[in-house]
Amino acid sequence: MIRRDRIVETFCDLARIDSPSGEEEAMAQHLAARLEALGLDVARDGYGNVIATDGGDDPLILSAHMDTVEPGRGIEPSVVGERIISDGTTILGGDCKAGVAAILEALESIREDGVKRMAIEVAFTREEEIGLVGARNLDFSMLKGAEAVVFDGEGPPSQITSSSPEYIGFDIEITGRAAHAGVEPEKGISAIRIASEIVTRLPQGRLDEETTFNVGTIEGGTVRNAVPELTSVRGEFRSRNIETLDGIRLQVDEALDTVRAMYPEAEIGCHLHTEFVAYTLNEGEPVVRRVTDALESLGLTPTMQPSGGGTDGNVFRLHDINAVVVGMADHGMHTIREYVTIPDLVDAAHLCETLLRMDE
Ligand SMILES: [Zn+2]
Numbered sequence: 000m001i002r003r004d005r006i007v008e009t010f011c012d013l014a015r016i017d018s019p020s021g022e023e024e025a026m027a028q029h030l031a032a033r034l035e036a037l038g039l040d041v042a043r044d045g046y047g048n049v050i051a052t053d054g055g056d057d058p059l060i061l062s063a064h065m066d067t068v069e070p071g072r073g074i075e076p077s078v079v080g081e082r083i084i085s086d087g088t089t090i091l092g093g094d095c096k097a098g099v100a101a102i103l104e105a106l107e108s109i110r111e112d113g114v115k116r117m118a119i120e121v122a123f124t125r126e127e128e129i130g131l132v133g134a135r136n137l138d139f140s141m142l143k144g145a146e147a148v149v150f151d152g153e154g155p156p157s158q159i160t161s162s163s164p165e166y167i168g169f170d171i172e173i174t175g176r177a178a179h180a181g182v183e184p185e186k187g188i189s190a191i192r193i194a195s196e197i198v199t200r201l202p203q204g205r206l207d208e209e210t211t212f213n214v215g216t217i218e219g220g221t222v223r224n225a226v227p228e229l230t231s232v233r234g235e236f237r238s239r240n241i242e243t244l245d246g247i248r249l250q251v252d253e254a255l256d257t258v259r260a261m262y263p264e265a266e267i268g269c270h271l272h273t274e275f276v277a278y279t280l281n282e283g284e285p286v287v288r289r290v291t292d293a294l295e296s297l298g299l300t301p302t303m304q305p306s307g308g309g310t311d312g313n314v315f316r317l318h319d320i321n322a323v324v325v326g327m328a329d330h331g332m333h334t335i336r337e338y339v340t341i342p343d344l345v346d347a348a349h350l351c352e353t354l355l356r357m358d359e
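Mapping the sequence shown onto numbering that gives the first Met the number 0, position 353 (from 1) lands on 352, and the numbers just tick up by one.
What follows is the structure, given as structure tokens:
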């Protein structure tokens, strides 16, 4: 039986283990021990992702990520009414520890009830938040399953991520010329000035319902009194519409060409890289039906919600694993106002349990 007190305790225990991206080791060891206690064979792949299996045929992959964003150290979770919150100085880490807790509670419940369940594989990944890095480096030869349910969506478990955008990162490197700012500024070419000319020619923010553009960082210059020689500008744009993305690529090229013409002596390089590709769920896919059937049998109404972000589900799909991303009861992700709704967390565990149970 899914137990509310137990899943809340599991979640709070997980939230208290610091696991910012790149520093998941304590979390990985904790989870490996818990999965072993559940009777699974647990291994780590070469990148440190935790992979567990029961050795059965045709397994369903259950997945969530182990890392959290900052500020995510020394998290103090507390229960207030029907919510779990942080103390307001950190995130809560419900993204994705609510998903991890739901999976663990479902496995615990099935084991203690002694019911038959389908074969499973569990994949807990590292470094999801910094660009799906753990999943990209996951040793897929260790997974046999062809279908995955990823517990990493916002909102209740009935909220299925219907589509995810393509995401393109860009790095612009500008080389001007250094000079003393007071003595001979006319000999210099300011890379910061050039960067600003570029940035004001780039799109910004939400461009349409399915497209966004962001300049995330500018770094440049060394000291107050030197014309800055080097500046780099990093950002990303994403859209669920491939043609829109092509249009933006052209816009970026045009902006760069215009500024190159203004500063022929400067060097302006740009590198675009596709971080993940778009997908749209087909509602007829067996794994989608599996999830919607399970939700309906619990009296929950599935809703399909497009997402502006990527998840490990994008990487699973690249590896021909049909992945569905479901909500894990988390709200206000990546902010200090993040909270987990306990009834939804319990429902997420129920969903996971129902997906696995094989009742005669
Ligand atoms: Zn997440």
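Think of the CB as a built atom: it goes at the ideal place given N, C-alpha and C, for glycine as much as any other residue. Everything numeric in this text was worked out from a predicted model, so none of it was measured.
Which listed residue (the options) has its alpha carbon closest to that of residue i
i: S18; options: T353, P76, E69; result: E69
i: M26; options: A36, A14, A328; result: A14
i: C269; options: P342, I159, T9, T174; result: T174
i: D44; options: P184, A122, K186; result: A122
i: D94; options: F275, H330, F315, D207; result: H330
i: E274; options: E127, V99, T340, I6; result: E127
i: V214; options: G71, E208, G204, G220; result: G204
i: L142; options: M357, P342, L355, I320; result: I320
i: V345; options: D311, G98, I90; result: G98
i: T257; options: R223, L201, G21; result: L201
i: M65; options: M117, F10, A194; result: F10
i: R192; options: E209, V232, F169, S77; result: V232
i: R223; options: A180, T291, G168, G187; result: A180
i: G154; options: Q304, T353, R72; result: Q304
i: R239; options: A254, D245, E209; result: E209
i: I129; options: E282, E196, S20; result: S20
i: P342; options: E81, G73, I74; result: E81
i: V78; options: P58, M357, R3; result: R3
Where the alpha helix (DSSP H) through residue i begins and ends
i: Q250; result: 241-261
i: R3; result: 3-15
i: F315; result: 311-317
i: A293; result: 285-296
i: G219; result: Not the alpha helix (DSSP H): G219 falls in the beta strand (DSSP E), residues 210-219.
i: E196; result: 190-200
i: G133; result: 132-135
Close Cβ partners of residue i (< 6 Å) along its chain, the five nearest in sequence each way excluded
i: H333; result: V68
i: E359; result: Only weak support is given to the placement of E359: the predicted model assigns it a pLDDT of 48, under 50, and the question is left unresolved by the model.
i: L280; result: S161, V287
i: A347; result: A101, P156, M327, A328
i: A322; result: A147, V149, G312, F315, R316
i: I171; result: V232, C269
i: P164; result: R237, S238, R239, A277
i: I83; result: P76, V339
i: E23; result: M65, D66, R125
i: S306; result: T160, S163
Cut-off 7 Å between Cβ atoms - residues of its own chain near residue i, not counting five sequence neighbours on either side
i: V41; result: A31, L34, E35, V49, A51
i: G87; result: I335
i: L350; result: P156, A293, L294, L297, V325
i: Y46; result: R125, G133, N136, L137
i: S189; result: G175, V226, P227
i: Y166; result: E235, R237, E274, F275, G309
i: R259; result: I267
i: T353; result: A293, S296, L297
i: E104; result: I1, R5, I6, T9, A348
i: A194; result: I173, I217, G219, T230, V232
i: E284; result: N321
i: P184; result: A178, V226
For residue i, the residue or residues it bridges with in DSSP
i: C269; result: I171
i: T52; result: D40, E120
i: I84; result: S77, Y338
i: Q158; result: T302
i: A225; result: H179
i: H349; result: DSSP lists no partner for H349.
i: E127; result: E127 is not bridged to any residue.
i: H330; result: Y338
i: F275; result: Y166
For residue i, the first and last residue of its enclosing beta strand (DSSP E)
i: P305; result: 302-305
i: A101; result: No beta strand (DSSP E) holds A101; the alpha helix (DSSP H) holding it covers 93-112.
i: T89; result: First-last for T89: undefined, no H or E at that position.
i: A63; result: 59-64
i: R205; result: 204-207
i: A147; result: 146-153
Contact set for residue i: own chain, Cβ-Cβ below 8 Å, skip 5 residues either direction
i: V314; result: L131, A134, R135, L137, F275
C-beta neighbour in chain D for residue i, strict 8 Å
i: T291; result: Among the chains in the structure shown there is no chain D, since it carries only a single protein chain.
Residue i CB to nearest heavy atom of ligand 3 below 7 Å
i: D57; result: Judged by which ligands are present, ligand 3 is missing from the structure shown, whose ligands are ligand 1.
Check your understanding: Got a list of residues with beta-carbon closer than 5 Å to any non-hydrogen atom of ligand 1, in chain order?
Key -> Counting every residue whose Cβ lies closer than 5 Å to a heavy atom of ligand 1, we get D94, C95, D151.
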